[in-house]
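Notes to accompany the following structure.
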Amino acid sequence: MDAQTRRAQAFKALHEREGAFVIPNPWDAGSAKMLASLGFEALATTSAGYAFSLGRPDGATGLDDTLANVRAIVAATDLPVAVDLENGFADAPEACASSLIRAAQAGAVGGSIEDATGREDSPIYGFEHAVARVKAAADAVRSLPYPFVLTARAENFLHGKPDLDDTIARLKAFADAGADVLYAPGLSSAEQVLAVVRAVAPKPVNVLMSGALDLTVAQLSEMGVKRISVGSALALAAYGEFFRAAEEIREQGSFTFTRRSMPFNQANQLFKG
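Everything in the sequence shown is counted per this note's numbering, starting at 740 for the first residue and increasing by one.
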């Protein structure tokens, strides 16, 4: 059995066992190695975190850039890697499906596509078109010689449309179209999470943990959530600490931040591994 098939089977099994698991989001090979060293069982890329590392805003990277990052993260650890493919970097269902296949060729064993267009004037794809994109993606990944976990995202809550009924209708249609995991980022209450989980059961649900939700892994697991991600939160934590440290130097002329930094030898040894 080759390495990608082993990773694919391990990733599929995570979605089939009891309870929830956390899939944290590295933005480069170094952060991937750190997360692997802590015992996490799978990783998912973050489009925003990666864009920030290139000095760009979220949404300003292309497919080639994204796949280069996937290859680097896959090479950094033995863990299964899922890729944030944004809207598939295309409007047409066939082109979106092609992006999923290219992600698999880069080493990913899972991937997500969203129904956000990337356009301010019309941020969410129409219902039927969004479903057609998921169906094309699902059909494409089923042609692979190993299980590839396709996640379909309904983006209403991230784009000023907190319409739970429409979001659930989209997720149910995405499930019928062949998506393996359903995901509505931006939910802000336990009640909303529960409504989504119950509506799409028994399909696995991914929940994005951010400042709007104050729930633990145990609580989410009890609610029936299968997968928990953090999006750009870890990247923002790292950049936040970096910014505060640099701000201290510039404004106070002091270096107290070094007392809470990771010791050099610890970091160096981790990356040797």
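Note that the Cβ used here is the ideal one computed from N, Cα and C, for glycine as well.
The model shown is predicted, which means the values in this text are computed figures rather than measured ones.
Rounding to the nearest angstrom, what Cα-Cα distance links residue i and residue j in this structure?
i	j	result
residue 942	residue 801	30 angstroms
residue 867	residue 948	29 angstroms
residue 894	residue 1004	42 angstroms
residue 807	residue 796	18 angstroms
residue 985	residue 978	10 angstroms
residue 916	residue 938	16 angstroms
residue 972	residue 990	26 angstroms
residue 811	residue 1011	16 angstroms
residue 982	residue 998	16 angstroms
residue 761	residue 968	6 angstroms
residue 906	residue 1007	45 angstroms
residue 946	residue 837	26 angstroms
residue 926	residue 935	9 angstroms
residue 886	residue 848	7 angstroms
residue 940	residue 900	23 angstroms
residue 750	residue 992	48 angstroms
residue 693	residue 865	This structure cannot settle anything about residue 693, because the visible part of the chain is limited to 740 through 1012.
residue 952	residue 929	8 angstroms
residue 741	residue 996	45 angstroms
residue 888	residue 1000	37 angstroms
residue 959	residue 921	15 angstroms
Between which two residues does the alpha helix (DSSP H) containing residue i stretch?
i	result
residue 871	866-880
residue 848	Segment: none, residue 848 is in no alpha helix (DSSP H) and carries neither H nor E.
residue 752	742-755
residue 789	786-792
residue 774	768-776
Applying the 10 Å Cβ sphere with the 16-neighbour rule, what's the burial state of residue i?
i	result
residue 994	exposed
residue 881	exposed
residue 914	buried
residue 743	buried
residue 788	buried
residue 773	buried
residue 988	exposed
residue 851	buried
residue 793	exposed
residue 798	exposed
residue 841	buried
residue 955	exposed
From which residue to which residue does the beta strand (DSSP E) around residue i run?
i	result
residue 895	Looking at the DSSP string, residue 895 is not in any beta strand (DSSP E), and its letter there is neither H nor E.
residue 813	Where residue 813 is concerned, there is no enclosing beta strand (DSSP E), although the alpha helix (DSSP H) it sits in stretches over 802-815.
residue 821	820-823
Give the DSSP-derived three-state secondary structure of residue i in the structure shown.
i	result
residue 993	coil
residue 759	coil
residue 843	helix
residue 1006	helix
residue 799	coil
residue 889	strand
residue 782	strand
residue 829	coil
Discussion item. Extract the residue ranges of the beta strand (DSSP E) inside the stretch 907-989, only unbroken runs of 3 or more that lie entirely within it.
Written reply: Segments of the beta strand (DSSP E) lying fully in the stretch 907-989: 920-922, 944-947 and 966-968.
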